[in-house]
Amino acid sequence: MKRKFKQWLIGLNEEMVNELGIDEIISCLDDDLNIIHGNEEEHKILDNFIHIFEKNKRG
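By the count of UniProt numbering, the sequence shown reaches residue 59 at its end, each step adding exactly one.
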């Protein structure tokens, strides 16, 4: 799941993602996209990206 999420993030070509860094974002997640570390702001951003990713997966 993490690999698909990383590819999805890369495909977004989003300024915020590029500023934060794909690898930095991915390092905060386990293989099931659970947030394993990060500050409160990072948690909010990750929650938002994961929500959008999962919504897009369902169609």
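Quick reminder that beta carbons are idealized off the backbone N, C-alpha and C, glycines included.
Between residue 50 and residue 33 the beta-carbon gap is near 5 angstroms, inside 8 angstroms, which marks them as a contact.
Here residue 2 has 26, 29, 31, 33 as same chain residues with Cβ atoms under 7 angstroms from its own Cβ, once five neighbours each way along the sequence are excluded. Short of 6 angstroms from the beta carbon of residue 37, and not among the five residues preceding or following it, lie these beta carbons of its own chain, in chain order: 28.
The Cβ-Cβ distance between residue 35 and residue 43 falls below 8 angstroms.
According to the DSSP secondary-structure assignment, residue 10 is paired through a beta bridge with no residue.
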